[in-house]
Amino acid sequence: MSISPKFLSGSQIRQTFLDFYAQRGHKILPSASLVPEDPTVLLTIAGMLQFKPIFLGQRTAESPRATTSQKCIRTNDIENVGRTARHHTFFEMLGNFSFGDYFKKQAIAWAWELSTEVFGLPASNLVVSVFREDDEAFAIWRDEIGIPGDRIQRMGEDDNFWQSGPTGPCGPCSEIYYDFHPERGDNIDLEDDSRFIEFYNLVFMQYNKDAEGNLTPLQNQNIDTGMGLERMAQILQKVPNNYETDLIFPIIQSAAEIAGIYYHNSDEKVKVSLKVIGDHIRAVVHMIADEIRASNVGRGYILRRLIRRVVRHGRLIGIQGEFTVRVAESAIALSEAAYPNVRLREAQIKAELAREEAQFLKTLERGEKLLEEIVDRTKQQTNQQISGQDAFTLYDTYGFPLELTQEIAEEQGISVDLDGFEAAMKEQQTRAKDARQTIDLTVQGSLDKLAETIQGTEFVGYAELSSLAEVEVILVDGKSVEEAAAGTEVQVVLNQTPFYAESGGQIGDKGYLNGSLQGENGEGLLVRVDDVKKESDFFVHFGFVERGTLRVGDSITAKIDNSGRRRIQANHTATHLLQSALRKIVDDSISQAGSLVSSERLRFDFNSPRAVTAEELQKIEDLVNSWIA
Ligand code: SER
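Structure, rendered in structure tokens:
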């Protein structure tokens with residue numbers, strides 16, 4: 024009987040994987056949120072993340088074997104999205120996990136059985152890799168599975184030793200690759216992605232790595248695996264890249280339809296834009312469904328960046344007005360069966376997208392005006408060339424793709440200094456690298472310098488929801504500036520404020536800064552405040568200048584969003600009620616381990632000697648509700 028890849032839809036692949044492992048004693052568990060409990064990463068990057076405490080021996084597993092389909096986001100390769108066949112920000116990872124139960128031999132045998140007998144991949148199309156020093160895994164593949172030695176590649180730490188972050192559980196791994204072109208012969212180079220795709224990673228989790236890089240054996244030998252759902256779909260659906268699988272292509276088609284074009288007739292550049300939209304909109308939909316909101320820090324910043332890239336690529340393919348909500352609709356329809364929360368949160372998803380898109384479109388329009396000025400100025404010059412720095416400002420601040428600037432320049436008979444653009448971009452990347460995930464620290468650094476000249480912020484929010492205040496510091500991209508015009512993201516320090524800053528798991532207030540009558544701006548000024556954080560003695564208001572120009576020394580009225588504050592207070596009180604109920608009903612030794620309180624929800628982490636049963640949950644809910652009533 025000749026084996027050949029079995030055509031399966033994305034949903035069928037997901038279900039087949041979960042069923043295969045369920046039949047082998049694995050408990051099917053739901054995907055964890057994209058917002059991880061684990062503080063070492065901003066977003067859920069792998070299926071193993073929700074099990075980290077189990078691998079580390081901090082929590083006992085509900086079942087010694089588990090299997091999941093986990094939504095993941097990785098943004099380290101964002102520039103490659105759409106350009107290669109398989110890079111994504113959002114993807115689904117199918118995994119089977121053993122917590123001190125089966126190990127290498129069984130994990131390898133099942134992975135092989137699933138790949139060849141269930142998915143029908145011919146052995147002649149498969150190549151595997153093992154960690155250089157892992158003779159045991161090498162021997163299992165060769166002697167028990169029967170793979171010829173020259174199709175088992177030994178690889179180094181970079182490729183075949185897996186860890187979720189700089190510290191934590193880790194171990195050597197073994198990967199299975201699909202060979203699209205076995206006819207190219209035995210000269211195997213697994214880096215050649217025109218020929219090979221890695222689709223299944225088996226991690227033999229057996230060490231804990233500390234900050235100095237020392238490896239200590241974990242109490243158990245565990246298995247953590249990951250199969251890229253989109254990659255398996257590419258293989259089984261015989262399409263040239265992950266984007267053309269049924270998991271993503273309908274989104275691409277809906278964007279193409281809005282633009283009035285056809286994907287298959289489009290040139291490469293347009294295809295890349297469509298793929299970026301297809302990829303990012305999935306990420307954005309799931310991030311908002313998991314309660315992330317666009318902002319200037321952390322995950323909120325990632326969300327904002329992804330939305331802006333979607334809008335930008337939409338313009339590149341000729342879409343004029345707002346379109347992200349319509350494309351999101353198709354992403355929601357595609358994933359609601361597997362992830363019902365995207366439909367439950369549909370309204371929030373659409374509202375957030377519409378708001379961010381409208382705001383960014385305004386920024387783009389301002390960029391267009393600036394570009395006009397630059398073009399006029401350039402035409403007066405002898406070299407007839409837009410400087411790299413100007414092109415970069417348009418790109419970086421106003422979201423203008425270089426291609427667009429070039430096109431417009433060309434129409435006007437002038438050119439763009441591409442080398443200068445590249446240089447400005449490089450410089451920015453170095454800055455961004457340093458600032459990544461530490462925007463707060465950038466603010467802190469700038470404030471340290473200012474601390475000598477100004478006093479800390481006085482908090483007046485216990486008694487007042489609104490107060491007059493003076494603008495002491497304005498930061499843009501972590502740098503102190505004298506003024507910020509409409510359309511700028513700012514961090515503002517006031518001499519006094521009614522805004523609560525984020526602390527102890529309670530998020531900061533939202534609201535507005537308005538020009539007061541005493542201010543030079545009169546009533547025209549409006550700054551939206553999305554979040555407030557405390558940095559040493561300063562309350563930093565993270566926001567966006569909606570209207571007017573904000574200047575250091577301005578007198579303004581700072582006003583918090585009262586309904587938001589009240590909801591936050593109510594959720595804060597609810598954490599206390601929840602803890603009392605847990606103690607009464609489950610165990611009186613229960614203690615708080617952390618919490619998150621926002622206007623929309625609360626999360627309460629606690630230490631408990633045992634799991635809470637379903638009946639107890641119901642009792643807790645009833646008790647808390649009776650107290651509130
Ligand atoms: N944690 C491993 C990975 O992300 C296997 O799931 O590749």
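According to the numbering used here, the stretch in the sequence shown is residues 24 to 652, in order. All C-beta atoms, glycine included, are put in the ideal place defined by N, C-alpha and C.
Based on the DSSP output, what are the partners of residue i in its beta bridges?
i           : result
residue 566 : 513, 552
residue 116 : 93, 251
residue 245 : 228
residue 496 : 516
residue 591 : Looking at the DSSP assignment, residue 591 forms no beta bridge with any residue, so it has no partner.
residue 586 : Partner(s): none; residue 586 has no beta bridge.
residue 579 : 492, 538
residue 360 : In DSSP, residue 360 forms no bridge with anything.
residue 525 : 556
residue 402 : Note: residue 402 sits in no beta bridge, so no partner.
residue 439 : 409
Could you give the distance in angstroms between the alpha-carbon of residue i and the alpha-carbon of residue j?
i           : j           : result
residue 86  : residue 589 : 41 Å
residue 592 : residue 486 : 14 Å
residue 4   : residue 534 : There is no way to answer for residue 4, as the model of the chain reaches only from 24 to 652.
residue 223 : residue 267 : 20 Å
residue 488 : residue 398 : 47 Å
residue 92  : residue 69  : 10 Å
residue 462 : residue 65  : Because the pLDDT at residue 462 is just 33, under 50, the model does not fix this residue reliably, and the value given afterwards should be weighed accordingly. When rounded, the distance between both Cα atoms is 13 Å.
residue 308 : residue 372 : 6 Å
residue 213 : residue 149 : 11 Å
residue 43  : residue 274 : 29 Å
residue 101 : residue 333 : 12 Å
residue 638 : residue 52  : 20 Å
residue 245 : residue 643 : 35 Å
residue 36  : residue 301 : 20 Å
residue 185 : residue 419 : 34 Å
residue 237 : residue 432 : 55 Å
residue 599 : residue 413 : 54 Å
residue 144 : residue 369 : 38 Å
residue 517 : residue 361 : 47 Å
residue 625 : residue 315 : 14 Å
According to DSSP, is residue i part of a helix, a strand, or is it coil?
i           : result
residue 84  : coil
residue 76  : helix
residue 631 : coil
residue 537 : strand
residue 636 : coil
residue 462 : With a pLDDT of only 33 at residue 462, under the threshold of 50, the placement of this residue in the model should not be trusted, and no figure is reported.
residue 557 : strand
residue 271 : coil
residue 646 : helix
residue 337 : helix
residue 445 : helix
residue 482 : strand
residue 349 : helix
residue 365 : helix
residue 508 : coil
residue 641 : helix
residue 378 : helix
residue 429 : helix
residue 608 : helix
residue 502 : strand
residue 652 : coil
For residue i, count the other beta carbons within 10 Å of its own beta carbon; 16 or more makes it buried, fewer makes it exposed. Which is it?
i           : result
residue 30  : exposed
residue 192 : buried
residue 204 : exposed
residue 287 : exposed
residue 235 : exposed
residue 449 : exposed
residue 614 : exposed
residue 355 : buried
residue 46  : exposed
residue 73  : buried
residue 13  : The structure shown does not extend to residue 13, since the chain is modelled only from 24 through 652, so no value can be given for it.
residue 233 : exposed
residue 529 : buried
residue 335 : buried
residue 14  : Residue 14 lies beyond the stretch modelled for the chain, which goes from 24 to 652, so this question has no answer here.
residue 229 : buried
For this session: Counting only runs of 4+ residues fully inside the stretch 279 to 333, write out the alpha helix (DSSP H) ranges in chain order.
Result: Runs of the alpha helix (DSSP H) inside the stretch 279 to 333: 291 to 312.
For this session: Could I get the ranges of all uninterrupted beta strand (DSSP E) runs contained in the stretch 168 to 236, with 3 residues as the minimum, in chain order?
Result: You should have 175 to 178, 184 to 186, 191 to 202, 219 to 232.
Problem set entry | Minimum length 4: unbroken alpha helix (DSSP H) runs contained in the stretch 25 to 51 | Every alpha helix (DSSP H) of 4 residues or more that sits fully in the stretch 25 to 51 is shown, in chain order, as 33 to 45.
Problem set entry | Segments of 4+ residues assigned as alpha helix (DSSP H) that fall wholly inside the stretch 117 to 169 | Along the length of the stretch 117 to 169, whole alpha helix (DSSP H) runs at least 4 residues long occupy 127 to 136, 158 to 162, reported in chain order.
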